[in-house]
Amino acid sequence: MRYAFVDESYSRDRYFVGAYVVREDQLAIVKKAVHTALRYAEGFGVHAAAELHGYEIMSGKDAWSPLRGKARAALSVYRRALAEIAAVPGARAFVEGVDIPRLNARYRYPQAPHQIALRHLLERLNEYASRVGDRVVVIADEVPDQQAHAMRMASYQSLTTGGYKPRKLARIEFPITFGKSAESPGIQCADMIVYLYRRVDAHEHLDDRAARSARELWTETHPLRPSARRWDP
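Heads up, the sequence shown is in full-length UniProt numbering, so the first residue is 1 and it goes up one at a time.
1. Using only the alpha-carbon positions, how far apart do residue 234 and VAL17 sit?
2. For GLU42, which beta-bridge partners are listed by DSSP?
3. Mind checking who THR177 pairs with in its DSSP beta bridge?
4. Taking the continuous alpha helix (DSSP H) assigned at ALA4, which residues delimit it?
5. With 16 other CB atoms within 10 Å as the buried threshold, where does TYR109 fall?
6. Could you compute how far the alpha carbon of ALA63 sits from the alpha carbon of ALA73?
7. From ARG124 to ARG225, what does the alpha carbon distance come to, in whole angstroms?
8. Between the alpha carbons of GLN188 and LEU52, how many angstroms are there, rounded?
9. Determine, using beta carbons only, whether GLU194 and ALA214 come nearer to each other than 8 Å.
10. Determine the DSSP secondary structure at VAL77, reduced to helix, strand or coil.
11. For PHE5, collect the residues of the same chain with a Cβ closer than 7 Å to its Cβ; drop the 5 residues on either side in sequence, then sort them by chain order.
12. Between the C-alpha atoms of SER65 and ALA81, what's the straight-line distance to the nearest angstrom?
13. Short check: CB of VAL88 to CB of TYR40, under 8 Å?
14. Where does GLU51 sit, in a helix, a strand or coil, going by DSSP?
15. Which stretch, first to last residue, makes up the beta strand (DSSP E) that contains ALA93?
16. What's the call for SER181, buried or exposed, on a 16-neighbour Cβ count within 10 Å?
17. The beta strand (DSSP E) that contains ARG124, what's its start and end?
18. Classify GLY90: buried if its beta carbon has 16 or more other beta carbons within 10 angstroms, exposed otherwise.
19. Check for me: the beta strand (DSSP E) holding TYR107 runs from which residue to which?
20. Between SER11 and ARG198, how many whole angstroms is the CB-CB distance? I'm expecting something under 8 Å.
21. Thinking SER130 and ARG171 are a contact (beta carbons under 8 Å), I'd like their distance in whole angstroms, please.
22. Where do the N-terminal and C-terminal ends of the beta strand (DSSP E) with ARG229 fall, by residue?
23. Between the Cα of ALA48 and those of TYR55, MET58 and VAL34, spot the shortest distance and give me the residue it belongs to.
24. Within 10 angstroms of its Cβ, does PRO101 collect 16 or more other Cβ (buried), or is it exposed?
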């Protein structure tokens, strides 16, 4: 059995949903990887009870306030966390996104960006599970109206996902479980990956230094063989 931990990151123009996927027997390794990353962050004054959250680390918010205004320290912490996450043997990363302005321009009554990105992600996870001959349990970060999301996604197993290439998600275990990131090291890993990819994707809106830093950090995910796409309607 594979476990896919899912989180989202978005701006006014782009919505991304990402998954960090590991085997069931690797869950303890994931927990240890997150613990090791947080122990490293303690050296910069961050409390041991902090959670890995990409935005908070890079902006020095909340539990990551000791990093505020210390860009090199934040990058060092982020890089170490990604290295630990990517070192889990056989772990994979998937990111699916949508261009929001193009979506709204093309459709008079468009579906919600989160719904679209999550559906595309589930399709990719189903394809991956078929290739490796396994099934996938999906654990997502809590979102508003999550019960409706879970019911809608479950219908894709008995019906189809619709869209250009409709398919049934036969390899996905339903219903999707929603959990708190504080209780799930895997969701924290997904957060770090999807937030960073959104930054990489938004390079045209960043200054040269920030864009370069995002690209350099992304190289740390290469052991995960990340699959990242954005739908431009």
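Built from N, CA and C at the ideal position, the CB exists for glycine as well. Computed from a predicted model, the values in this text were never measured in an experiment.
Straight from the coordinates:
1. Lying outside 1 to 233, the shown extent of the chain, residue 234 is not represented and no answer is given.
2. For the purposes of this step, residue 42 is identified with residue 42 of the sequence shown, where counting begins at 1. Beta-bridge pairing links GLU42 to no other residue.
3. Stepping through the sequence shown from its first residue, residue 177 is reached at position 177. For THR177, DSSP records a beta bridge to ILE139.
4. The residue labelled residue 4 in the question sits at position 4 within the sequence shown. In the DSSP annotation of this structure, ALA4 is not part of any alpha helix (DSSP H); the continuous beta strand (DSSP E) holding it starts and ends at 2-10.
5. Position 109 of the sequence shown, counting from 1, holds the residue named residue 109. Around the beta carbon of TYR109, fewer than 16 other beta carbons sit within 10 angstroms, so the residue counts as exposed.
6. Counted from its first residue, the sequence shown places residue 63 at position 63. Counted from its first residue, the sequence shown places residue 73 at position 73. ALA63 and ALA73 have their alpha carbons spaced roughly 15 Å apart.
7. Within the sequence shown, residue 124 is the residue found at index 124, counting from 1. Within the sequence shown, residue 225 is the residue found at index 225, counting from 1. Using only the alpha carbons, I get a separation of about 14 Å.
8. The residue labelled residue 188 in the question sits at position 188 within the sequence shown. The residue labelled residue 52 in the question sits at position 52 within the sequence shown. Using only the alpha carbons, I get a separation of about 5 Å.
9. Mapped onto the sequence shown, residue 194 falls at position 194. Mapped onto the sequence shown, residue 214 falls at position 214. According to the sequence displayed, residue 194 carries Val and not Glu. With a cutoff of 8 Å on beta-carbon distance, VAL194 and ALA214 are scored as not near each other.
10. Position 77 of the sequence shown, counting from 1, holds the residue named residue 77. Helix at VAL77.
11. As a first step, residue 5 must be located in the sequence shown, where it is residue number 5. Taken in chain order, the residues that qualify are ALA19, TYR20, ILE139, SER184, GLY186, ILE187, CYS189 and ALA190.
12. One-based indexing of the sequence shown puts residue 65 at position 65. One-based indexing of the sequence shown puts residue 81 at position 81. Their backbone Cα atoms lie some 17 Å apart in a straight line.
13. For this step, residue 88 is matched to residue 88 along the sequence shown. For this step, residue 40 is matched to residue 40 along the sequence shown. No, these two residues do not count as a Cβ contact at 8 Å.
14. As a first step, residue 51 must be located in the sequence shown, where it is residue number 51. In this structure, GLU51 counts as coil in the three-state DSSP scheme.
15. For the purposes of this step, residue 93 is taken as residue 93 along the sequence shown, with counting starting at 1. 92-99 is the span of the beta strand (DSSP E), which, as asked, contains ALA93.
16. As a position in the sequence shown, residue 181 is number 181, starting the count at 1. Buried, by the Cβ-count rule.
17. Counting from 1 along the sequence shown, the entry for residue 124 is found at position 124. Careful: ARG124 lies outside any beta strand (DSSP E), inside the alpha helix (DSSP H) at 113-132.
18. Position 90 of the sequence shown, counted from the start, is the residue given in the question as residue 90. Exposed.
19. Within the sequence shown, the letter at position 107 stands for residue 107. Judged by DSSP secondary structure, TYR107 falls outside any beta strand (DSSP E); it is assigned neither H nor E.
20. Start at 1 with the first residue of the sequence shown, and residue 11 comes out as number 11. Start at 1 with the first residue of the sequence shown, and residue 198 comes out as number 198. Confirmed, about 7 Å.
21. Within the sequence shown, the letter at position 130 stands for residue 130. Within the sequence shown, the letter at position 171 stands for residue 171. The pair is a contact, with the Cβ atoms about 6 Å apart (cut-off 8 Å).
22. On the sequence shown, position 229 is the one that residue 229 refers to. Taken as a continuous stretch (DSSP letters only), the beta strand (DSSP E) holding ARG229 covers 227-231.
23. Working through the sequence shown from its first residue, we reach residue 48 at position 48. VAL34 is the residue among TYR55, MET58 and VAL34 whose C-alpha sits nearest the C-alpha of ALA48.
24. Here residue 101 is taken as the residue at index 101 of the sequence shown, counted from 1. That one is exposed.
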